[in-house]
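Please read the structure below before turning to the comments.
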Amino acid sequence: MQHFPIFLNLNGAHVVIGGGGEAALAKLRLLLKTEARITLCASAFLPDIMALRPRVTLVHRPLLGCDLHDARLVYAATEDDAQDARIRALGHKAGVLVNVVDNLDASDFITPAIVDRDPVVVAIGTEGAAPVLARKIKAGLESDLPASLGTLARIGKAFRPMAENLPMGAARRDFWAEFYDRAGPDALAHGGESDVRAVLDGLLARHMAQEPAAGKVDFVSAGPGDPDLLTLKARKLLDRADVVIHDRLVSGAILELIRREARIIAVGKEGYGPSVPQSEINAALVEHAGQGAHVVRLKGGDASIFGRLDEETDALDAAGIAWQVIPGVTSASAAAASLGQSLTRRGRNRDLRLVTAHDMKGFAEADWRALAAPGAVTALYMGKRAARFVQGRLLMHGASPAMDVAIVENASCPDETRLHTALSDLPQAAANLRGPAIILLGLPPRRAAQSQSKTELAL
Ligand code: SAH
1 MQHFPIFLNL NGAHVVIGGG GEAALAKLRL LLKTEARITL CASAFLPDIM ALRPRVTLVH
61 RPLLGCDLHD ARLVYAATED DAQDARIRAL GHKAGVLVNV VDNLDASDFI TPAIVDRDPV
121 VVAIGTEGAA PVLARKIKAG LESDLPASLG TLARIGKAFR PMAENLPMGA ARRDFWAEFY
181 DRAGPDALAH GGESDVRAVL DGLLARHMAQ EPAAGKVDFV SAGPGDPDLL TLKARKLLDR
241 ADVVIHDRLV SGAILELIRR EARIIAVGKE GYGPSVPQSE INAALVEHAG QGAHVVRLKG
301 GDASIFGRLD EETDALDAAG IAWQVIPGVT SASAAAASLG QSLTRRGRNR DLRLVTAHDM
361 KGFAEADWRA LAAPGAVTAL YMGKRAARFV QGRLLMHGAS PAMDVAIVEN ASCPDETRLH
421 TALSDLPQAA ANLRGPAIIL LGLPPRRAAQ SQSKTELAL
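Just so you know, the sequence shown maps onto residues 1 to 459 in full-length UniProt numbering.
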């Protein structure tokens with residue numbers, strides 16, 4: 001390790017930047033996160049820098065030795081090698097640590113990439129070996145560390161003396177783990193900072209009394225199959241769950257992301273095969289959450305669309321168990337994206353219907369006249385078996401046999417197929433489907449997808 005990482009206290013310290021252009025501004029933006037006194041020396045300054053007065057002091061001439069007499073750090077950021085070298089020499093003469101922007105060898109110290117959740121700050125350095133890698137690590141941390149982490153850490157810090165009432169070791173660690181993992185983020189999301197303090201008091205009382213945590217259920221939308229289409233919230237909850245109860249439609253790639261220690265239970269239907277009765281699913285949710293588990297109920301697509309969500313939330317309400325819903329990408333959105341199509345379009349359709357062609361009693365009726373109207377766009381879920389029924393109803397209500405129909409099977413998955421057909425051929429096209437499919441009535445694929453679909457499935 002050539003560069004030793006330290007966190008330098010810049011409160012009230014003097015930092016000088018030589019330069020007034022983009023390079024100087026980039027360093028300035030970072031330094032403004034501190035309480036340092038900042039001076040910039042240059043013949044000219046960008047308007048963005050000028051606008052920062054009086055927070056920063058501007059000296060309208062090149063940096064001189066006298067500017068450095070009480071400086072803690074100096075940045076040579078003139079974007080001119082000769083000028084930067086001059087500043088470096090002045091810095092060394094004054095005994096000040098120098099950073100020469102974009103010149104690792106000439107610098108005494110380097111500024112790492114940082115992820116800022118003040119007071120939690122992560123610094124990433126690669127000693128100049130791989131700035132791209134540093135950016136990648138930073139991007140990963142930016143998405144992994146909740147924006148609220150800084151606020152939680154600040155409130156947590158103030159609460160540390162109270163937490164000392166817990167015995168040192170595991171008891172105290174468990175308390176803080178529960179606060180940072182679950183209780184803190186939840187309280188902040190739902191009630192803001194004032195709730196966090198109240199939650200800390202309650203949490204401490206519970207840990208002092210050694211009571212188990214209350215269970216809860218998160219209804220997490222798993223999206224159409226591609227794990228990259230999961231929301232960040234979904235990823236985080238999969239990483240924390242004690243028990244995951246999932247529909248069979250949820251892809252293996254997503255199940256891979258579940259915390260190793262979690263118990264995984266498959267329920268629901270597989271195609272038209274046997275299904276676990278809804279009452280048993282409700283009972284399983286209540287049972288596990290009732291025992292204090294953090295349960296993730298993982299549903300395909302968006303949890304609130306044709307997912308029988310209310311039956312499950314009603315059961316939890318009846319049992320007095322807390323729950324929340326995490327929205328996600330529904331399969332109609334993924335299908336449209338694959339087709340390069342927009343689900344609504346000015347002058348074509350101002351509304352979009354999400355329809356299922358069968359319910360628990362069999363084929364389901366819909367507002368067929370509206371669905372048959374020219375320009376109407378409908379996303380038909382669970383439509384494979386009902387294709388002939390839907391075709392008949394639409395034709396009966398005046399739809400053109402030439403109405404465009406796009407079908408996307410296994411949307412967003414590696415085995416996705418797209419095809420373009422007409423209403424007249426819908427039953428034949430649907431008969432060839434094996435996986436879950438969205439039937440988009442009234443929507444032609446855009447040209448690129450259209451030409452591809454011809455080779456995929458010639459009808
Ligand atoms: N909540 C889900 C829908 C559940 S109903 C959602 O928002 O997508 C199940 C139906 O969803 C399937 O019959 C099929 O029509 C559709 N579906 C689910 N996953 C799909 C996928 N990857 N590709 C195409 N259709 C899919």
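Note that CB positions come from ideal geometry on N, CA and C, so glycine has one too.
> If you follow the beta strand (DSSP E) that V196 is part of, which residue opens it and which one closes it?
Replying inline: Per DSSP, V196 belongs to no beta strand (DSSP E); it is in the alpha helix (DSSP H), E193 to M208.
>> Let me check you understand the geometry: is the CB of C413 closer than 7 Å to at least one non-hydrogen atom of the ligand SAH?
In response: yes
>> Looking at the secondary structure, which residues open and close the alpha helix (DSSP H) in which H246 lies?
In response: Where H246 is concerned, there is no enclosing alpha helix (DSSP H), although the beta strand (DSSP E) it sits in stretches over V243 to D247.
>> Please determine whether the Cβ atom of G301 lies at a distance below 7 Å from any heavy atom of the ligand SAH.
In response: yes
> Where do the N-terminal and C-terminal ends of the alpha helix (DSSP H) with D174 fall, by residue?
Replying inline: A170 to E178
> Rounded to a whole number of angstroms, what is the C-alpha to C-alpha distance between L394 and P445?
Replying inline: 20 Å
>> Tell me which residues share the same chain as T57 and place their Cβ nearer than 8 Å to its Cβ, disregarding the 5 neighbours each side in the sequence.
In response: R37, I38, T39 and L40
>> Which of the three DSSP states is assigned to L141 in this structure?
In response: helix
> Apart from the five residues on each side of it in sequence, which residues of its chain come closer than 8 Å, Cβ to Cβ, to F175?
Replying inline: A163, L166, L203, L204 and H207
> Under the three-state reduction of DSSP, which class applies to F219: helix, strand or coil?
Replying inline: strand
>> Is any non-hydrogen atom of the ligand SAH found closer than 7 Å to the C-beta of L255, if you look at the structure I gave you?
In response: no
>> According to DSSP, simplified to helix, strand and coil, what is residue 462?
In response: A question about residue 462 goes unanswered here, because the residues of the chain that appear run from 1 up to 459.
> Can you find a heavy atom of the ligand SAH that lies under 7 Å from the Cβ of G140?
Replying inline: no
> Tell me which same chain residues have a C-beta within less than 6 Å of the C-beta of A230, skipping the five on either side of it?
Replying inline: Reading off the sequence, residue 230 comes out as Leu, not Ala. Answer for L230: G223, listed in chain order.
> Which first and last residues belong to the beta strand (DSSP E) in which H14 is found?
Replying inline: H14 to G18
> Got a sec? Which residues, its chain only, sit under 8 Å from F363 by beta carbon, not counting five neighbours each side?
Replying inline: A357, A386 and F389
> Does the separation of the CB atoms of A303 and S412 fall below 8 Å?
Replying inline: no
> Tell me which same chain residues have a C-beta within less than 6 Å of the C-beta of A153, skipping the five on either side of it?
Replying inline: P119 and V120
>> Tell me the rounded alpha-carbon separation between L10 and F45.
In response: 24 Å
> In chain order, what residues of the same chain lie with their CB nearer than 7 Å to the CB of A106, ignoring the 5 residues before and after it?
Replying inline: R88 and V100
> D239 to Y75, Cα distance in whole Å?
Replying inline: 42 Å
> Just the Cα atoms here: how many angstroms apart are D314 and D218?
Replying inline: 14 Å
> Regarding F389 and the ligand SAH, is the C-beta to nearest heavy atom distance less than 7 Å?
Replying inline: no
>> Quick test of the definition: if touching needs 3 or more C-beta pairs under 8 Å, does the segment 18 to 29 touch the segment 62 to 80?
In response: yes
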